[in-house]
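Here this note's numbering is used: position 201 in the sequence shown is 204, and no number is missing along the way.
No residue lacks a Cβ here, since even glycine has one placed at the ideal position from N, Cα and C.
A quick note: this is a predicted structure, and the numbers were derived from the prediction, not measured.
All remarks here apply to the structure that follows.
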Amino acid sequence: MRAVIVGNSDGIGLALTRRLLADGWTVTGLSRSPAPVGSHHVVDVTSPEFSTVLAEVGEVDLCVYAAGVGESLGENLAGQTRALEVNLLGAARTFEAVVPRMLAAGRGHLIGLSSLADTMISAQAPGYAASKAGLTSYLLGLDAALRPRGVPATAVRFGFVDTKMAKSPVTPFKISTDRAADVLIRCIRTRPAIVSYPRRMAAVTGTLGPLLRTAARLRRSRSDAP
Ligand SMILES: NC(=O)c1ccc[n+]([C@@H]2O[C@H](COP(=O)([O-])OP(=O)(O)OC[C@H]3O[C@@H](n4cnc5c(N)ncnc54)[C@H](OP(=O)(O)O)[C@@H]3O)[C@@H](O)[C@H]2O)c1
């Protein structure tokens, strides 16, 4: 079995690469710095060469989009734009390249690493939250369209995973990259449309998301008041 993992030089993508290689998969990775295992192409998902490099990987049974960045809001919005480009448009370009080949073969599986932040309105990292909202929605739409044709898509919504991305000083229910790889291996076997993990964190964000939206509405209506 052949897999391509975009964003596998570190973190969750690297842990999954190691696990798939141990299970006998052939894995090709893509990221800006080299991955220590498997075959790999050094490329930025936002560069014009990305689609060409991805096309060279050829036919795969599994495509995992694990590339991601998250930056706090600063004085300018460049970091937020970058999050949207890497986390959402990079995923869209990846699926655009691999899906036609999967459909022609009548089989394949797309997995995107979204986040439990996909229901949040975030004043700290609005680009990150928006990119994940878009990614989850896109994956669910692709799944509805492509699953009947043999190509399911899975949106994986993690809470905090112990990587350099989990920068927040408070990281409740944080899991290891090995645990995240376990969850992904189960997804590869069972091919669900959506997975939220850990469930306790999903329950917290499921409650927090609507509360934050209500708070934002209240703030808006107060500032609209004469
Ligand atoms: N860690 C968490 O708490 C958490 C929670 C929920 C969801 N997620 C999501 O899980 C995914 C993986 O995150 P992680 O925690 O494993 O982070 P990570 O350790 O920082 O890994 C991110 C990966 O993305 C690659 N990447 C970043 N920008 C790239 C670009 N422009 N082009 C190509 N590759 C790029 C990085 O490689 P290079 O730097 O070498 O390019 C690295 O391999 C992300 O989408 C993240 O949003 C993470």
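| query | Helix or strand or just coil, what does DSSP make of residue 224? | reply | helix
| query | Under 8 Å from any heavy atom of ligand 1, does the C-beta of residue 234 make it? | reply | In the structure as shown, the chain starts at 4 and stops at 229, and residue 234 therefore has no counterpart that could be examined.
| query | Exposed or buried, what is residue 11 when buried is set at 16 or more other beta-carbons lying within 10 Å of its beta-carbon? | reply | Answer is buried; the Cβ neighbour count reaches 16.
| Is the distance from the Cβ of residue 3 to the Cβ of residue 93 below 9 Å? | The first residue shown for the chain is 4 and the last is 229, placing residue 3 beyond what the model contains.
| Alpha carbon of residue 98 to alpha carbon of residue 13, nearest angstrom | Cα-Cα distance, rounded: 21 Å.
| task | Compute the distance between the beta-carbons of residue 161 and residue 171, then report whether it is under 9 Å. | result | Taking 9 Å as the Cβ cut-off, residue 161 and residue 171 do not qualify as a contacting pair.
| said: According to DSSP, simplified to helix, strand and coil, what is residue 70? | reply: coil
| request: Report the option in 24, 32 and 202 whose CA atom is closest to the CA atom of residue 7. | output: The option with the nearest alpha carbon to residue 7 is 32.
| task | Could you check the C-alpha separation between residue 147 and residue 185 for me, to the nearest Å? | result | Spanning the two alpha carbons is a distance of roughly 25 Å.
| said: Buried or exposed for residue 45, going by 16 or more other Cβ atoms inside 10 Å? | reply: exposed
| message | Once DSSP output is grouped into helix, strand and coil, what is the label at residue 80? | response | coil
| said: Alpha carbons only, please: which of 142, 218 and 180 is nearest the one belonging to residue 167? | reply: 180
| task | Measure the C-alpha to C-alpha separation of residue 56 and residue 203 and round it to an integer number of angstroms. | result | 39 Å
| said: I'd like to confirm something about residue 160: is its beta-carbon nearer than 8 Å to some heavy atom of ligand 1, or not? | reply: Yes; taking the cut-off as 8 Å, the Cβ of residue 160 has a heavy atom of ligand 1 nearer than that.
| task | Taking all protein chains shown into account, decide if residue 16 is buried (16 or more other Cβ within 10 angstroms of its Cβ) or exposed. | result | It counts as buried.
| request: Have a look at residue 63 and residue 77 and give me their C-alpha separation to the nearest angstrom. | output: 39 Å
| From 103, 24 and 113, pick the residue whose C-alpha is nearest to that of residue 67; which is it? | 113
| request: Could you spell out where the beta strand (DSSP E) holding residue 48 opens and where it closes? | output: Note, residue 48: premise wrong, no beta strand (DSSP E); not H, not E.
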